[in-house]
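Undergrad:
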Amino acid sequence: MSNLDQARVASRSAETTRAALIKAATSVFAEYGYDGGSVRLITQRAMANQAAVNYHFGGKDGLYREVLIAATKTFEQDSFLCPEELDARSPEEALRLYLHQFLLPLVKRDRVSRYLRIFAWESVRPSEAFNAFIMASPPRIFQLAERVVKRFLPEEAPAETVTFATLWLAHQPMFFVRDAERLARAPFALKFDEASLERLVDTLAGFSLRGLGNL
């Protein structure tokens, strides 16, 4: 094998390892959050050594940032909830659609759902790595929540009121997404399926409408 062929094989191997680490990290951070997601568990799932994390990402923070970048790109490219679709609906319908989309991780386990669970963890225990990331690139979750909230507020509403309402709405579905496993056990014993998802959307939408309507 020539030196050029050896270099190509090494490059492909490095790219494969890097991709495997990002995929494993996404799964681990979705399950345990940033604090609970250990590098050891990530490398075990990726079948890589811990030195590979430092080599490719400079450490855990760098790896987490790559996961957040991938999440942001997915939210933008996949358009699982686009602003135009929200604007085309009535305020009440836009609110229901927002809640429905962000509660989907309760019944789905796709890539978008894992990203949403990571953001749900950060809503309770924000990491320094996440704070640094959102300073440069605000998550789409909050941008869409703000878009929905503004449909209910007068144009002259103070910026602080918009911010408070946006944060409040964005956190409504996150609790259920983050703690789904715990809520499925006693004493709650909740079962999350398509039917229960719709009931949860109805309930949260009702609470939200009463709250937003009194601002």
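Using the working numbering, the first residue of the sequence shown is number 78, and each one after it goes up by one.
Note that beta-carbon positions come from the ideal geometry of N, C-alpha and C, so glycine has one too.
1) For Phe106, name the three-state secondary structure that DSSP assigns.
2) Give me the Cβ distance between Met124 and Ala97, rounded to the nearest whole Å; I'm assuming they're in contact under 8 Å.
3) Hey, out of Pro264, Val105, Glu258 and Asn291, whose CA is closest to Leu183's CA?
4) Whole angstroms is fine: what's the gap from Asn148's alpha carbon to Ser200's?
5) Buried or exposed for Thr238, going by 16 or more other Cβ atoms inside 10 Å?
6) In the DSSP assignment, the alpha helix (DSSP H) including Met124 goes from what residue to what residue?
7) Between the alpha carbons of Asp187 and Arg194, how many angstroms are there, rounded?
8) One question on the structure: do Pro250 and Leu176 come within less than 7 Å of each other, judged by their Cβ atoms?
9) What are the complete alpha helix (DSSP H) segments, minimum 4 residues, inside the stretch 248 to 281?
10) Can you tell me the Cβ-Cβ gap for Leu230 and Ala242, rounded? I've got them flagged as a contact below 8 Å.
11) Report the option in Ile99, Ser104, Leu180 and Leu274 whose CA atom is closest to the CA atom of Gly136.
12) Measuring only the C-alpha atoms, how far is Pro216 from Ala261?
13) On the three-state DSSP scale, how would you describe Lys100?
14) Pick from Ser90, Glu143, Leu181 and Thr120: whose alpha carbon is nearest that of Ala344?
15) Would you identify the three-state DSSP class for Ser156, choosing helix, strand or coil?
16) How big is the Cα-Cα spacing for Ile218 and Ala247?
17) Between Ser190 and Phe207, what straight-line distance do the alpha-carbon atoms span, to the nearest angstrom?
18) Between which two residues does the alpha helix (DSSP H) carrying Arg173 extend?
19) Where does the unbroken alpha helix (DSSP H) through Asn291 begin, and where does it stop?
20) Along the chain, where does the alpha helix (DSSP H) that runs through Glu223 open and close?
21) What do you get for Ser285, buried or exposed, if any count of 16 or more other CB atoms within 10 angstroms of its CB means buried?
TA: Once the coordinates are examined:
1) In this structure, Phe106 counts as helix in the three-state DSSP scheme.
2) 7 Å
3) Restricting attention to Pro264, Val105, Glu258 and Asn291, the CA atom closest to the CA of Leu183 is found in Glu258.
4) Looking at the sequence provided, one finds Ala at residue 148 rather than Asn. Computed Cα separation, rounded: 16 Å.
5) Thr238 comes out exposed.
6) Judged by DSSP secondary structure, Met124 falls outside any alpha helix (DSSP H); it is assigned neither H nor E.
7) In a straight line, the C-alpha of Asp187 is about 11 Å away from that of Arg194.
8) Contact flag set, yes.
9) 251 to 255 and 257 to 260
10) 7 Å
11) Ile99
12) A direct Cα-to-Cα measurement between Pro216 and Ala261 gives close to 28 Å.
13) Under the three-state reduction of DSSP, Lys100 is assigned to helix.
14) The chain is shown from 78 up to 292; residue 344 falls before or after that span and cannot be answered.
15) At Ser156 the pLDDT is 48, less than 50, meaning the model places this residue with poor confidence; the figure from the coordinates comes in the next sentence. For Ser156, the three-state secondary structure derived from DSSP is coil.
16) 7 Å
17) Annotation: Ser190 to Phe207 spans about 18 Å, alpha carbon to alpha carbon.
18) Pro168 to Leu180
19) Counting along the chain, Asn291 falls outside any alpha helix (DSSP H), and DSSP gives it neither H nor E.
20) Arg217 to Lys227
21) buried
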